[in-house]
Amino acid sequence: MENKISIDAGGVYYRKLNEQIRAAIADGATEIGLTGVNGQRYIGDGISDKVSINMDGVPGNDLATFMNGPVITVHNNAQDGMGNTMNEGKVVIHGHAGDVLGYGMRGGKLHILGDVGYRVGIHMKSYKTKIPAIIVGGCAGDFFGEYMAGGNLILLGLHHDKDKPIVGDYVGTGMHGGTIYIRGEVEQYKLGAEVGVMELTEEDNKTLKGLLTEYCTDLGLNLDDIMNKPFIKLIPISHRPYGKLYAY
Amino acid sequence: MLRNTMPPEFKVIVDHKRCRRCKRCLQNCSFGVYSFADRVVTDSAKCVACQRCVTFCPELAIEVRENPLAFKASFNWTDVHRKNIWKQAEQSGMLLTGMGCDVDYPIYFDHMLLDACQVTNPSIDPLREPMELRTYLGRKPDTIKVESASDGKLKSKTKFEPQMKLDVPIIFSPMSYGAVSLNTHKSLVMAAREVGTVMNTGEGGLHKDLYSYGDNIIVQVASGRFGVHADYLNAGVAVDIKIGQGAKPGIGGHLPGEKIGMEISKTRMIPTGTDALSPAPHHDIYSIEDLRQLIYAIKEATNYKPVSVKIATVHNVASIASGIVRAGADILYLDGFRGGTGAAPTVIRNHVGIPIELALAAVDDRLRKEGIRNQASIVAAGSIRSSADAVKAIALGADAVAIGTAALVALGCRVCQMCYTGKCAWGICTQKPELTRRLDPEEGAQRLVNLLRSWALEIKEILGSLGVNAIESFRGSRERLRGVGLDKQTLDILGIKPAGR
Chain F
195 MENKISIDAG GVYYRKLNEQ IRAAIADGAT EIGLTGVNGQ RYIGDGISDK VSINMDGVPG
255 NDLATFMNGP VITVHNNAQD GMGNTMNEGK VVIHGHAGDV LGYGMRGGKL HILGDVGYRV
315 GIHMKSYKTK IPAIIVGGCA GDFFGEYMAG GNLILLGLHH DKDKPIVGDY VGTGMHGGTI
375 YIRGEVEQYK LGAEVGVMEL TEEDNKTLKG LLTEYCTDLG LNLDDIMNKP FIKLIPISHR
435 PYGKLYAY
Chain C
3 MLRNTMPPEF KVIVDHKRCR RCKRCLQNCS FGVYSFADRV VTDSAKCVAC QRCVTFCPEL
63 AIEVRENPLA FKASFNWTDV HRKNIWKQAE QSGMLLTGMG CDVDYPIYFD HMLLDACQVT
123 NPSIDPLREP MELRTYLGRK PDTIKVESAS DGKLKSKTKF EPQMKLDVPI IFSPMSYGAV
183 SLNTHKSLVM AAREVGTVMN TGEGGLHKDL YSYGDNIIVQ VASGRFGVHA DYLNAGVAVD
243 IKIGQGAKPG IGGHLPGEKI GMEISKTRMI PTGTDALSPA PHHDIYSIED LRQLIYAIKE
303 ATNYKPVSVK IATVHNVASI ASGIVRAGAD ILYLDGFRGG TGAAPTVIRN HVGIPIELAL
363 AAVDDRLRKE GIRNQASIVA AGSIRSSADA VKAIALGADA VAIGTAALVA LGCRVCQMCY
423 TGKCAWGICT QKPELTRRLD PEEGAQRLVN LLRSWALEIK EILGSLGVNA IESFRGSRER
483 LRGVGLDKQT LDILGIKPAG R
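So the protein sequences, as listed, match chains F and C. Heads up: the first sequence begins at 195 in my numbering, then just goes up one per residue. Heads up: the second sequence begins at 3 in my numbering, then just goes up one per residue.
What follows is the structure in structure tokens.
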């Protein structure tokens with residue numbers, strides 16, 4: 195049963211705001227609307243309930259950190275550290291987002307309409323059916339997918355101007371699991387030594403379509419417009435990039 | 003090309019007159035020294051001197067000796083340097099090792115002596131009088147306001163931050179499930195419950211069977227974030243953020259794919275057979291402000307449980323510590339350069355970091371001078387070998403100490419430094435089922451309980467002789483320490499006088 199509640203976050207200290215959100219969930223709220231959010235940190239942190247949280251303002255750092263179930267929608271930009279060590283649930287950002295998104299993320303989805311900063315998807319991992327996904331509509335900075343150990347990291351490069359590269363340097367450095375899909379070409383010098391560039395298989399196209407269909411629904415985009423340009427696929431050359439470093 | 007020119011480090015000698023060919027040595031050796039061809043045959047080159055065969059030979063027929071090599075003596079070109087070069091010339095790679103630094107840098111604990119009462123101030127007999135070892139770890143208020151309750155009793159008006167209660171000022175240091183066996187984790191956690199202290203999970207998550215021991219567990223979060231999720235963060239009494247490790251400051255961890263079996267895979271939440279890589283830094287922490295962000299992210303996820311931050315002691319440890327306390331850590335865990343490891347490059351283990359004694363004194367000094375010492379408890383680690391080391395560390399300013407290697411030695415470890423091979427014959431640092439079952443958790447726990455009881459008795463005896471009846475009131479009593487054979491500057495850093503003054 196739907197149980198909607200609205201919380202005015204205007205001028206409320208983050209600790210107080212998060213207490214209010216947890217209290218609302220404990221009271222049975224399933225749909226929480228936040229108005230006046232302006233930089234409060236840790237929204238959704240560690241919450242395991244399957245609730246939805248919507249906001250118009252800009253949330254602060256560490257949105258959805260350790261999050262384990264909720265669906266958060268932000269009709270604005272988001273800041274750094276979103277989805278840190280996230281386990282389950284989804285965050286939809288109708289704007290840009292900052293640095294270090296999805297660090298050590300092991301499940302759930304981050305859907306970002308615009309650009310993202312540096313260090314996105316570092317050490318993302320997967321285990322059995324838990325396969326996290328980060329989809330970025332715009333461009334990304336350096337260290338995209340560094341140390342990546344699992345999951346899917348998708349970069350679309352939609353609506354970016356010609357002078358701006360789709361992704362920064364050190365893509366997938368130290369990568370030892372998971373897949374990065376990039377819509378467009380990336381110069382070889384930008385790729386980490388542990389990464390190989392592959393053609394997409396039928397299986398890849400299926401995965402990609404599945405993930406992007408949901409992304410397009412969330413953000414009101416057209417799937418065909420996205421699929422009209424070829425993708426490249428980056429995977430690690432070895433599951434054990436650092437096996438031959440030692441003497442005994 | 004010359005190959006395998008390494009002379010064996012040890013010689014395994016079997017007394018065939020005594021040997022009854024029971025083959026127990028074959029069963030017990032996990033390094034492949036023994037084979038059988040009419041009689042026991044040895045391959046000394048494979049021996050690591052773990053003493054498993056010697057211990058289990060019913061006839062005392064086996065002897066493991068050092069293999070003395072008559073190299074031309076050199077003060078400069080020691081055997082160690084020569085052997086290391088041979089190994090690297092043959093195998094090409096960083097030398098890997100286990101356990102703590104084994105190089106003969108000065109051990110300052112062995113250059114400090116404790117005081118005792120004589121004539122003018124009475125000592126206390128711990129057998130007849132109360133002696134308090136209880137220690138509370140966590141943030142303490144700046145001041146305490148007291149008021150009278152309606153029943154006339156005094157009551158604190160000040161709200162305390164959550165504290166971790168220990169019945170002895172000794173905790174078990176973080177050793178991950180993955181590096182050590184599940185039976186080792188079980189032994190540690192069962193002993194911690196029995197004694198009233200805590201074990202730290204290390205960075206490999208917590209096996210589901212051990213969640214019920216939550217009151218005696220600190221869960222660790224490291225850069226690889228293995229097995230970290232909301233339930234895990236809430237499983238223990240506190241959360242420890244691992245920034246660094248004394249044995250390998252500034253470098254990450256690497257659990258080889260061979261050690262990632264089914265149970266480890268479930269606990270760490272990564273596929274079997276892949277390497278578990280912990281990046282050197284947390285890539286979400288590049289500053290004190292970032293650390294603060296993670297500390298409070300964890301506090302938000304755990305309804306404000308105490309958060310500990312573990313660092314390796316490096317040159318600027320005092321200012322780093324100040325930053326960590328200001329970032330909101332409730333406990334500061336200092337791991338000296340002699341701290342243990344399951345695997346580390348030898349060059350790092352033996353040459354990076356500073357001793358815990360100096361680091362601890364410097365940190366305690368700095369936090370006091372800045373007026374923030376009360377904001378975090380200090381746990382000192384990095385080779386606490388005895389109750390005497392523990393008491394000296396507390397006198398230098400620690401609230402409690404952590405033991406890792408000492409606990410493993412209690413479980414049977416012979417400090418052979420072969421942890422990284424995954425072949426531990428004592429079932430401690432291995433994941434092979436035929437080896438891990440050698441450590442019975444009940445028996446292991448009992449041995450650890452015995453060790454902690456022994457140290458607790460000794461600490462009480464020392465406190466009694468000092469005329470102190472509570473360990474918490476002894477913390478930072480550097481006036482009760484004297485240095486022997488230390489230069490002026492070292493004495494100054496330690497904040498102690500030379501013996502005779």
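Where is the CB? At the ideal position from N, CA and C, for every residue including glycine. Predicted model only: the values in this text are computed from it and were never measured.
Nearest residue (CA-CA) to residue i, options the options
| i | options | result |
| --- | --- | --- |
| Leu-184(C) | Tyr-288(C), Thr-199(C), Lys-48(C), Gly-204(C) | Gly-204(C) |
| Thr-323(F) | Lys-268(C), Leu-28(C), Val-56(C) | Lys-268(C) |
| Asp-250(F) | Gly-331(F), Ala-203(F), Asp-363(F), Lys-423(F) | Ala-203(F) |
| Ala-249(C) | Pro-258(C), Leu-360(C), Gly-342(C) | Gly-342(C) |
| Cys-421(C) | Leu-208(C), Trp-428(C), Arg-439(C), Gly-344(C) | Gly-344(C) |
| Ala-193(C) | Gly-180(C), Leu-212(C), Ala-181(C) | Leu-212(C) |
| Lys-19(C) | Leu-437(C), Asp-277(C), Leu-62(C), Cys-27(C) | Leu-62(C) |
| Arg-351(C) | Leu-360(C), Arg-340(C), Pro-357(C) | Arg-340(C) |
Start and end residues, beta strand (DSSP E) containing residue i
| i | result |
| --- | --- |
| Asn-262(F) | 262-268 |
| Gly-188(F) | One cannot answer for residue 188(F) here, as it falls past the ends of chain F, which runs 195 to 442. |
| His-83(C) | Segment 81-93 is the alpha helix (DSSP H) holding His-83(C); no beta strand (DSSP E) there. |
| Lys-198(F) | 198-202 |
| Gly-233(F) | Neither: Gly-233(F) is in no beta strand (DSSP E) and is coded neither H nor E. |
| Val-105(C) | Where Val-105(C) is concerned, there is no enclosing beta strand (DSSP E), given that its DSSP letter is neither H nor E. |
| Thr-99(C) | 96-99 |
| Lys-157(C) | 156-158 |
| Pro-430(F) | 425-430 |
| Ser-37(C) | 36-39 |
| Thr-137(C) | 137-139 |
| Leu-115(C) | 114-116 |
| Gly-485(C) | 483-485 |
Which residues DSSP lists as bridging residue i, in chain order
| i | result |
| --- | --- |
| Thr-323(F) | None, per the DSSP bridge assignment. |
| Ile-405(C) | Phe-174(C) |
| His-305(F) | Val-286(F), Ile-329(F) |
| Asp-242(C) | Gln-222(C), Ser-310(C) |
| Tyr-179(C) | Val-182(C) |
| Ala-382(C) | Leu-336(C), Val-403(C) |
| Thr-274(C) | BP columns for Thr-274(C) are empty, so no partner. |
| Lys-310(F) | As written in the sequence, residue 310(F) is Val, which differs from the Lys given in the question. None, per the DSSP bridge assignment. |
| Thr-373(F) | Asn-346(F) |
| Glu-68(C) | Phe-12(C) |
| Arg-20(C) | None; Arg-20(C) has no bridge partner. |
| Met-249(F) | Leu-228(F), Val-268(F) |
| Met-166(C) | Leu-139(C) |
Endpoints, alpha helix (DSSP H) assigned at residue i
| i | result |
| --- | --- |
| Lys-312(C) | Unbroken run through Lys-312(C) is the beta strand (DSSP E), 309-314; no alpha helix (DSSP H). |
| Ala-299(C) | 290-303 |
| Met-421(F) | 417-421 |
Contact under 9 Å by Cβ, residue i with residue j
| i | j | result |
| --- | --- | --- |
| Ala-346(C) | Leu-116(C) | no |
| Leu-352(F) | Tyr-375(F) | no |
| Gly-246(C) | Ile-313(C) | yes |
| Phe-228(C) | Gly-206(C) | yes |
| Asp-243(F) | Gly-263(F) | yes |
| Leu-447(F) | Ile-329(F) | Outside the shown range of chain F (195 to 442) lies residue 447(F), about which nothing can therefore be said. |
| Ser-389(C) | Gly-338(C) | no |
| Ala-472(C) | Glu-134(C) | yes |
| Asn-86(C) | Thr-348(C) | yes |
| Pro-1(C) | Phe-162(C) | Any question about residue 1(C) goes unanswered here, given that chain C covers just 3 to 503. |
| Ile-380(C) | Leu-334(C) | yes |
| Gly-308(F) | Ala-291(F) | yes |
| Gly-372(F) | Ser-320(F) | yes |
Residue i: contacting residues in chain C (beta-carbon distance under 8 Å)
| i | result |
| --- | --- |
| Ala-334(F) | None at all; the shortest Cβ gap to chain C is about 15 Å. |
| Leu-458(F) | The structure shown does not extend to residue 458(F), since chain F is modelled only from 195 to 442, so the question has no answer here. |
| Ala-343(F) | Ile-272, Thr-276, Leu-279 |
Chain-ordered neighbours of residue i on chain F, where CB pairs are closer than 7 Å
| i | result |
| --- | --- |
| Lys-155(C) | Within 7 Å Cβ-Cβ: nothing; Lys-155(C) doesn't reach chain F, min ~32 Å. |
Residues that residue i contacts on chain C, provided the C-beta gap is smaller than 7 Å
| i | result |
| --- | --- |
| His-370(F) | Thr-276, Asp-277, Leu-279 |
| Asn-297(F) | A quick correction: the sequence has Tyr, not Asn, at residue 297(F). Ordered by position in chain C, the residues that pass the 7 Å Cβ test against Tyr-297(F) are His-285, Asp-286. |
Proximal chain F residues relative to residue i, where beta-carbon distance stays under 9 Å
| i | result |
| --- | --- |
| Lys-85(C) | Result: empty, since nearest Cβ-Cβ is about 11 Å, beyond 9 Å. |
| Val-42(C) | Within chain F, no residue comes near Val-42(C); the closest Cβ sits about 26 Å away, beyond 9 Å. |
| Val-230(C) | Phe-260, Thr-279, Asn-281, Gly-298, Arg-300 |
Contacts of residue i in chain F (Cβ-Cβ under 8 Å)
| i | result |
| --- | --- |
| Met-101(C) | By Cβ distance, chain F contributes nothing, its closest Cβ being about 14 Å from Met-101(C), past 8 Å. |
| Leu-235(C) | Gly-240, Phe-260 |
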